[in-house]
Structures are given as C-alpha cells and as structure tokens.
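Below: one structure, written as structure tokens.
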Amino acid sequence: MTDTPREQELIVSKQILSIEQTFSTGPIMGHFLRELRDNQRIMALRCRANGRFLLPPREVDAWSLSDDLEWIEVGPEGTLCEFDVVYYASPDPLTGATRNVPYVIGWVILDGVEGLSPLWHLIHTTDIPALRHGLRVRAVFAETRTGAMEDIVHFEVLNTGETGP
Amino acid sequence: MTTDAFTIAGKMALPYQYFAGATSSRCIVALRDEKKILASRCERSDRTVFPPRQVCDLTFEDLSDNWVEVSDRGTITGFTIIRYAEPYQPMAPPYVLALIRLDGSDATLTHIVHSEDIETVAIGQRVNAVFAETPVNNILAIRHFCCVPTDSDSP
Amino acid sequence: MSTSKRKHRNVGIIGCGMSVFSSHREEVNQPEMIHEAVAEALADAGITLADVDCVVHGNMELFEMVHQPDMWHSLGSGVVGKSGLRLTTGGTTGMTLACAADNLVASGLHDVVLAIGFEKLQEGHTTGGISNMADPLWGRKLQAGALTGTTAQAMIDEFGKERACDAAMKLRIIMDEHAALNDKAHRSFGLERRYIKELTENSPPLVGELRMIHMCSQSDGACAVIFAAPHKIKEWNANPAWVVDHETVHREENVVFTGTKSTHRVASERLFARNGITNPREQLDVFEMYDPSAWWGLDWLREFLLLEGDEHLKMVENDEIGIQGTFPVNPSGGVMASNPIGATALVRVAEAALQVRGTAGRHQVPKEVKRALASGFGGTLWSVLMLLARDEPQGASQ
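Residue numbers (my numbering), protein chains in the order written: chain G, 27 to 191; chain A, 60 to 214; chain H, 35 to 432.
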C-alpha cells in the first residue's frame, strides 16, 4: 500500500497501576507488630537449636529448620552495624510519592541480640559525616501506632561517645 | 487457640507505559484518522489477520509491509453478555462483548456490540464498525460494532 | 546440600541472539523486540522455528506492569503450538532460564529448547518494581531499589579510600572500553583513564560512595539462546558451546555482613569442586559476570574467583581483566554497559557461549577460550553460575 511516513507517529499508552492490597501478618509477624503497637516492645525470636536470633521473626529458622523458638524482648537501644546514606530519590512503592533525600537506612544490632541479626530501619541524624559503625542508637516510637513497622519512626543516634563492639 | 494474626491494608501505585510499536501504531493511526481497518497478510500461512502484527506467529514471515485493508463489516463468531460492573470496564453493564471476524480477515477481534435488544444477539449476527468521533489511540478508535440485518450484505 | 549432579545427556548452546539494547525502543512493542532476538538466535544456529521443541520465557515481575506476557508474546516468541514455560527469579531470571533449558534437554524431555529473557525498562518503574520485592510488612518502605553503598564502604574501610575508589573506577573504565567493541551494547561513554579521579569526584552520589557512574544502565532488550541435544548438534553440524554445569545458591537475608560467606563464594566453591577447578584464573579463560555496579564487580571478583586479600584489586590495577589480559572479564562491556534486567543474566550466558564458539566478533578475546564462566545475580543474594566448554564433557549417561 502506501509508503510508511518517515516521521511516523508512535503510539504510547501511559497508565498508573494502582491496587489496594491486604496483607496477612500471620501469627508470628502479628505478635511482633502487636507488641510494637501495644507495648512499644521489640520482640525477636531465638532459635533454641542454634541460638540464632530471627529479625524479622519467622515461624521456622532457615538455617536449623527448627521451629523450637522462644520470644525474647530486645532493644530498644542497639549498635549500628551497617548503614546506607541514600542520595537517590526513589519512589515509595506504597504510594508512588518521591522520598526526601538524603536519608539514612541502617542495620542495628539491638541489645540482647546475639550474632548478626540486625533490625533494618531509618536512622535519624543531623550529622551524616559523623555516622560510623558501632554508633549507639535507640528506637523512637510513634505517638499513634497501628501495628506496622512505622510504629518505630526511626532510630536516633545517642550522643554517648560510646561505641559498641 | 489464640492467635496474633491480623491484616494490614497496603497499596501499590506505580506508573507504566506501553509502546505499541511501529506496526500497531500505523494501524491505530489509520483507524483514528482515516477510519480504515488495516490488517496484515501472510502469504505463506495464507492468513489475513486483524489486529495486524509485524511478524506471523506461525511462519515468522515479516508482515510489517504487507498491509491489506479489510471491511468494516463482519460476523459474530462468539459472544458473552457482561452483566456485572467493575471500574476497569469500558462501559456500564449490561453489554455484549463479542468475537468478530471482519470480512476479509481470518482472525477474530474482541469488541463491544451494541444492540437494541442484547438478548437477541447470536452467533452469525452481522455487525459493522462505528468509529469514535474524538481521537482515541487504541482499539476503541472503533467505538463499538452495531448489529445490521443479515440478508443485506452477506459476503 | 547436593554436591553431585549427573546429566542424562550433554547439552550444547548452538545459537545466540540479542536485540538492540537501548534506553528507548518506542518503535517496537514487547513481542516485536523479543522477535529480534529469537530471529537472530535461529539464524545463528542455522535452524528454523519448526526445529524448536520448547520455549522457556522470563522477565522480572512488576517491571512492565503487564501480566502473563509469555502468552501474548507468542506473536514474537515462536511458542505457538509448542511446549512452553515461564520463569521469574528476579535478577537471576536470565540465568534460571538457561539452567531450565539445560535441564530440559539434559533430562531428555526435549531435544531443542529456546530460552528467551527480556525487559523493557522504559515502560515501567525499575526501582519501584524492585522495591516491591521486599516483605510488605517488614522492608518495603525502606528498600531503595537495588542500590546500596555498603560494599563501597567496606572496601574503603579495608583498602583505603584512594585505592578502593581508583580500583572501582578503573574497572568501570575497562568495562566502558569493552563496550566500545560490542555493537549491541547500550552505551559506551569513551571514559578516559587519565581522568580516573575526576570521573569519581564529579559523578553524583546515589548511596554512600556508590555514584551514578558506577551503576549499570537501564535498558530495553531481549536475548534468546538455543540449547540442543548431542544428536541434533551432530545432525546439524552445529558449533556448540557445551554446558558443563550450573549451580544456584541463595539465602534468606538480603545483606551480607562482614564475617559471613557470600552466596557467590559458596556457588563457586561448589561448582569448582564438582568440576576439578582448583585454580580458576588458570583453568577458566573468560568470565562474563553479572556486575550491577563497579563496586560489586570489583568485590565479587574476589568472591567468585575465591581470592584472598587484595588479589582482586591487583587484577584490575594490572589490567588482567581487560580483553587483552590474562583473565578477561566481561569483554562484552557487562551489565554497566547494558542491563535489560530479565535478559541480562541470559546475555552473560550468550556472551560466554559466543567466546567459546569464537563468534564474538570485535569483542572476541584474543586468547584461546576452552572454558568460560557466566554468572547471574539478583534478589536476596541469589547467585547462579554456569560453566561452558569448547570440548564435549565426559560422564553423561549417554
């Protein structure tokens, strides 16, 4: 038929996929989140078979495959073992909103936890260059709590001058 | 047994886009601007297909330059009546969604069929395309199909 | 954990195809882009669609926001009337496709299997899609796509800032030089070695010392690889790269802390032990690594090659990983040059196969390639390795 035009119009369909979701906590995460909400307590599971702490708490330890687990209260203070200073403004996947940068994500070994089982959360600091491994931090709980990870607003850096192990 | 299990409301909201590609774009522009229905013809498999495609899915022949104009009239080869409402539907129920083989095409397309009395729609019903009056960049450039009398223009 | 694997029969890669890799492919839709790779793979193998028994198809979930693409991609994939599978394992999808195709032929279920990986990242939201991989109750709010600066920080702590940053940028420049030799590569900037410090300092930081220039591209593209049984290879007088073995290792956590063994190292230890590799730098001739950033590429050399101390830094500082070097890494330019994520790990297999078959063109390494290693990476530290060889492996049942 006719020749294809040199500058062809190319069709694009632009959409936003927006889906309401409902997540089931299950009894284990449910217990953890309820303790955050009702008692401002951070509960970890300890595997009796190998002593490993589970954060997030799971029904079975992935290493020992044992479900012989006990709840142990940990924190709310702890030691910063790794952190990321994020300059890239990635979207919040729950809302599509762009996050303010820079912000700090940290991995905290809470007091009472044995081994490398950190809790992953936001770290609040006004002095990013001063961040270093071993800083002492403490969970700051939200005034209004809903039974979600956001019941901890962030971890604040403690000015103790002390560094952990 | 007591349980701590409960549910948490969540949401996922992410933007995306889909590029029709050069072949499908040509077809949509022809529907929209010229009210012409362009199909692809594969000589090797002896098939004319609408919606068109760049490559024949059976023979892998390049069909990107093998355009054939097909009729705006066709025959219903299958249909269903949508009787429930949900937000992503193109119109309020009840309406007929049908498989339509256009005259000159060997493939069927899915589209909406308008009828004075949807309960009388049947396989074999003759239909013709009604084009959208405002520009639309997808298959709804054909707004819907309308039922026409069977004896007036059988192919 | 299984340390022994036995194939019912050998499997060879006889055809590789790749679409153009680019940040934008508005002129083709998804099935049409896939078709470019499929048509090239069939032509490379010298066979037709009728010779293919089964199509294995995969990409990342949530990246293009479309459902069941294996079904409507049949317009370009060639699966119509054939057996088909869809797989998705995050960033390792491409390598999992290769493992599945190898298993399907090795088991005797199919004689000829076509593996297809694709991604059209322009159509979706990559970091948004990746962030949704995190447990919705635990980490989805925190996940910043696939970006982390912890590796950079650990290397700076271990080797000092200047040496670590220079080594990471040297690796980045070498990859850029390789990409210039690869006609399919999405991008090659012409980075110059004399500006090594400026290139680092002037690049905007993303997370910690991970900067924009260290990071992989976001590409649209597809890759297709054809796996065949020995009697078909003989019948067609094909030029095969034999699949010797593959290994998959992953774990629950998505961060590796100092003092724990990486999944990469475990994967290498298992693969090498099964295949008599005691000195990988001597016994392997080229390595196509899934290196999402210059920092990870640098750090992972040590893990995959089971090195200690600063050997991996020296390999980069001494140009050993260059295409002319003693142990070429990513002669294709790697993932920093092109990253259509669901295809990327399959591209590593394809590129390793091209090197073994001697058909890589301008980016063919000058030394003889008897054995090549390819890696895939994704998700919660998934690590998948595939070992290819010029000579047909011994020991299969038939």
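Here a beta-carbon is modelled for each residue, glycine too, at the ideal position from N, C-alpha and C.
- Query: Leaving out the 5 sequence neighbours to the left and right, which residues in its chain are closer than 6 Å to Gln113 of chain A when beta-carbon positions are compared?
  - Reply: Along the second sequence, read from residue 1 onward, the residue named residue 113 of chain A stands at position 54. Cβ within range, chain order: Thr82, Ser123.
- For chain A, is any of its Cβ atoms less than 8 Å away from the one on Glu60 of chain H? On the third sequence, position 26 is the one that residue 60 of chain H refers to. Closer than 8 Å to some Cβ of chain A, the Cβ of Glu60 of chain H qualifies, so yes.
- According to DSSP, is Glu66 of chain H helix, strand or coil? Translated into positions along the third sequence, residue 66 of chain H becomes position 32. It is helical.
- Message: I'd like to confirm the pairing. Which residues does DSSP put opposite Tyr75 of chain A in its beta bridges?
- Response: Translated into the one-based positions of the second sequence, residue 75 of chain A becomes position 16. According to DSSP, which records beta bridges pairwise, Tyr75 of chain A is partnered with G:Gln41.
- Item | Partners in chain H for Val111 of chain G, counting only beta-carbon separations shorter than 7 Å | For the purposes of this step, residue 111 of chain G is taken as residue 85 along the first sequence, with counting starting at 1. Neighbours of Val111 of chain G on chain H, chain order: Gly183, Val241, Gly242.
- Item | Buried versus exposed, by CB contacts within 10 Å (16 or more), Met150 of chain A | Here residue 150 of chain A corresponds to residue number 91 of the second sequence, with the count starting at 1. By the neighbour-count rule (16 or more Cβ atoms within 10 Å), Met150 of chain A is not buried but exposed.
- Item | Contacting residues, own chain, Cβ-Cβ under 6 Å from Leu340 of chain H (five flanking each side not counted) | Position 306 of the third sequence, counting from 1, holds the residue named residue 340 of chain H. For Leu340 of chain H, where only same-chain residues beyond five positions count, the Cβ hits under 6 Å are Ser302.
- Query: Can you tell me whether DSSP reads Asp333 of chain H as helix, strand or coil?
  - Reply: Residue mapping note: residue 333 of chain H aligns to position 299 of the third sequence, counting from 1. Of the three classes helix, strand and coil, the one that applies to Asp333 of chain H here is helix, per DSSP.
- Taking one C-beta from the stretch 137–153 of chain G and one from the stretch 97–105 of chain G each time, how about it: are there three or more such pairs within less than 8 Å? yes
- Query: Which chain A residues are close to Gly195 of chain G, counting only those with a beta carbon under 8 Å from its beta carbon?
  - Reply: Given a span of 27 to 191 for chain G in the structure shown, any question on residue 195 of chain G remains unanswerable.
- Inter-residue spacing [alpha-carbon to alpha-carbon] between Glu281 of chain H and Val129 of chain A: Position 247 of the third sequence, counted from the start, is the residue given in the question as residue 281 of chain H. Position 70 of the second sequence, counted from the start, is the residue given in the question as residue 129 of chain A. Spanning the two alpha carbons is a distance of roughly 53 Å.
- Give the secondary structure of His101 of chain H by DSSP, where H, G and I count as helix, E and B as strand, and everything else as coil. As a first step, residue 101 of chain H must be located in the third sequence, where it is residue number 67. In this structure, His101 of chain H counts as coil in the three-state DSSP scheme.
- So what does DSSP say about Ile355 of chain H, is it helix, strand or coil? Against the third sequence, residue 355 of chain H aligns to sequence position 321. Coil at Ile355 of chain H, not helix or strand.
- Of the listed residues H:Arg40, H:Asp200, H:Ile150, nearest to Ala258 of chain H (C-alpha basis): The residue labelled residue 258 of chain H in the question sits at position 224 within the third sequence. Comparing Cα positions, the closest option is H:Ile150.
- Using a C-beta cutoff of 8 Å, does Ala174 of chain G count as contacting chain A? Taking the first residue of the first sequence as position 1, residue 174 of chain G is located at position 148. Answer yes: the Cβ-Cβ gap between Ala174 of chain G and chain A drops below 8 Å somewhere.
- Sorted by chain position, which residues of the same chain lie with C-beta nearer than 6 Å to Gly412 of chain H's C-beta, five sequence neighbours on each side aside? Along the third sequence, read from residue 1 onward, the residue named residue 412 of chain H stands at position 378. Cβ within range, chain order: Gly124, Gly125, Thr126.
- Task: State buried or exposed for Glu85 of chain G, treating a residue as buried only when at least 16 other CB atoms are found within 10 Å of its CB.
- Result: Residue mapping note: residue 85 of chain G aligns to position 59 of the first sequence, counting from 1. Classification for Glu85 of chain G: exposed.
- Query: If you draw a straight line from the C-alpha of Glu102 of chain A to the C-alpha of Phe109 of chain A, how long is it?
  - Reply: Working through the second sequence from its first residue, we reach residue 102 of chain A at position 43. Working through the second sequence from its first residue, we reach residue 109 of chain A at position 50. Using only the alpha carbons, I get a separation of about 15 Å.
- Message: Whole angstroms are fine: how far does the CA of Gly142 of chain H sit from the CA of Leu421 of chain H?
- Response: Translated into positions along the third sequence, residue 421 of chain H becomes position 387. Translated into positions along the third sequence, residue 142 of chain H becomes position 108. Approximately 20 Å, taken between the alpha carbons.
- Message: Using CA atoms only, rank isn't needed, just tell me which of H:Gly51, H:Val90, H:Leu225, H:Glu66 is closest to Ala77 of chain H.
- Response: Residue 77 of chain H sits at position 43 when you count from the first residue of the third sequence. With distances taken between Cα atoms, Ala77 of chain H lies closest to H:Gly51.
- Message: Between which residues of its own chain and Ser174 of chain A is the CB-CB distance below 6 Å, once the five residues before and five after are set aside?
- Response: Position 115 of the second sequence, counting from 1, holds the residue named residue 174 of chain A. Closer than 6 Å at Cβ, skipping near neighbours: Val180, Cys206.
- Message: I'd like the list of long-range same chain contacts for Asp87 of chain H, defined as Cβ closer than 6 Å, with 5 residues on each side in sequence excluded.
- Response: By 1-based counting over the third sequence, the position of residue 87 of chain H is 53. Answer for Asp87 of chain H: His144, Asp145, Val146, listed in chain order.
- Message: Looking at the secondary structure, which residues open and close the alpha helix (DSSP H) in which Gly118 of chain H lies?
- Response: Against the third sequence, residue 118 of chain H aligns to sequence position 84. Here Gly118 of chain H belongs to no alpha helix (DSSP H); instead the beta strand (DSSP E) covers 117–121.
- Message: According to DSSP, is Ile190 of chain H part of a helix, a strand, or is it coil?
- Response: For this step, residue 190 of chain H is matched to residue 156 along the third sequence. Residue state, collapsed to three classes: helix.
- Between the stretch 148–178 of chain H and chain A, which residues of the former have CB atoms less than 9 Å from a CB of the latter, in chain order? Lys154, Gln156, Glu157, Gly158, His159, Gly162, Gly163, Asn166, Pro170, Leu171, Arg174
- Item | 6 Å Cβ shell around Arg336 of chain H - same chain, five flanking residues per side excluded | The residue given as residue 336 of chain H occupies position 302 in the third sequence. Answer for Arg336 of chain H: His346, listed in chain order.
- Task: Taking Asp279 of chain H as the reference, give the member of H:Val89, H:Asn93, H:Val418, H:Asn63 with the closest Cα.
- Result: Walking along the third sequence from the start, residue 279 of chain H turns up at place 245. Closest option to Asp279 of chain H, Cα to Cα, is H:Val418.
- Query: Can you tell me where the alpha helix (DSSP H) with Ala75 of chain G in it begins and where it stops?
  - Reply: If you number the first sequence from 1, residue 75 of chain G lands on position 49. First-last for Ala75 of chain G: undefined, no H or E at that position.
- What runs of the beta strand (DSSP E), each 3 residues or longer, lie entirely inside the stretch 69–149 of chain G? 95–100, 103–112, 129–136
- Note down the Cα distance separating Ala219 of chain H from Leu233 of chain H, rounded to an integer number of angstroms. As a first step, residue 219 of chain H is located in the third sequence; it is residue number 185 there, counting from the start. As a first step, residue 233 of chain H is located in the third sequence; it is residue number 199 there, counting from the start. Taking the straight line from one Cα to the other gives about 21 Å.
- Of the residues H:His69, H:Thr161, H:Thr297, the one placed nearest Ala123 of chain G, counting alpha carbons only: What you label residue 123 of chain G is simply residue 97 of the first sequence in a count that begins at 1. The shortest Cα separation from Ala123 of chain G among H:His69, H:Thr161, H:Thr297 belongs to H:Thr161.
- Query: Does any C-beta atom of chain G lie closer than 8 Å to the C-beta of Met189 of chain H?
  - Reply: Your numbering for residue 189 of chain H matches position 155 in the third sequence. So no, Met189 of chain H is outside the interface.
- Going by Cα to Cα distance, which pick from H:Asp210, H:Glu196, H:Ser253, H:Val320 is closest to Pro400 of chain H? Here residue 400 of chain H refers to the residue found at position 366 of the third sequence. If we check each option's Cα against that of Pro400 of chain H, H:Val320 comes out closest.
- Query: Applying the criterion that 16 or more other CB atoms from any shown protein chain within 10 Å of the CB defines a buried residue, is Lys40 of chain G buried or exposed?
  - Reply: Numbered from its first residue, the first sequence carries residue 40 of chain G at position 14. Lys40 of chain G should be labelled exposed.
- Message: Rounding to the nearest angstrom, what Cα-Cα distance links Glu66 of chain H and Ser111 of chain H in this structure?
- Response: Position 32 of the third sequence, counting from 1, holds the residue named residue 66 of chain H. Position 77 of the third sequence, counting from 1, holds the residue named residue 111 of chain H. Rounded to whole angstroms, Glu66 of chain H to Ser111 of chain H spans 9 Å at the Cα level.
- Which two residues bound the contiguous alpha helix (DSSP H) that contains Asn187 of chain A? Along the second sequence, read from residue 1 onward, the residue named residue 187 of chain A stands at position 128. No alpha helix (DSSP H) holds Asn187 of chain A; the beta strand (DSSP E) holding it covers 185–190.
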